[in-house]
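Beneath this line is the structure, given in structure tokens, with notes to follow.
In my numbering, the protein residues as written are 429 to 551.
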């Protein structure tokens, strides 16, 4: 039941475009006690169907700029290859801390955006 709830909320977040991994990876590590490298691989595999469904919905709503997709996808593939090789040389503990710092930075940007967006709309 725990994994179903984690997957459900990760799917919601992923469908909104924020990336389900921001929920899935920490939840698997903290609540299910799974090693960070395994949690990352579970995230990557589970993101495939979630991403395809979200992509179809966003394409139907015309929310996809195809000129951006190709360069981002190509460089994303290269980054994924590099990152997966790099993860083999980093301990799970270091990987956990790096991902935690990354989440803090992303969270900080989201909080800043939440406070600054209302200011832009008032002008």
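Virtual Cβ for every residue (Gly too), placed ideally from N, Cα, C. Treat the numbers as computed from the prediction; the structure is a model and nothing was measured.
Go ahead and label residue i buried or exposed: buried means 16 or more other beta carbons lie within 10 angstroms of its beta carbon, across all protein chains shown.
i           : result
residue 478 : buried
residue 489 : exposed
residue 455 : buried
residue 471 : buried
Give the secondary structure of residue i by DSSP, where H, G and I count as helix, E and B as strand, and everything else as coil.
i           : result
residue 516 : coil
residue 457 : helix
residue 440 : helix
residue 448 : coil
residue 533 : helix
residue 539 : helix
residue 556 : Beyond the ends of the chain as shown, which are 429 and 551, falls residue 556; an answer cannot be given.
In angstroms with no decimal places, state the Cα-to-Cα distance between residue i and residue j.
i           : j           : result
residue 467 : residue 457 : 7 Å
residue 530 : residue 464 : 14 Å
residue 519 : residue 491 : 38 Å
residue 509 : residue 440 : 27 Å
residue 473 : residue 499 : 22 Å
residue 476 : residue 435 : 13 Å
residue 506 : residue 512 : 10 Å
residue 502 : residue 496 : 10 Å
residue 528 : residue 430 : 22 Å
How about residue i: is its Cβ closer than 7 Å to a heavy atom in the ligand MG?
i           : result
residue 460 : The ligand MG is absent from the structure shown, which contains no ligand whatsoever.
Does the region 451-471 come into contact with the region 479-496, if we say contact requires no fewer than three beta-carbon pairs (one atom in each stretch) closer than 8 Å? no
My parser needs the beta strand (DSSP E) runs of 3 or more residues fully inside the region 476-528; what are they? none
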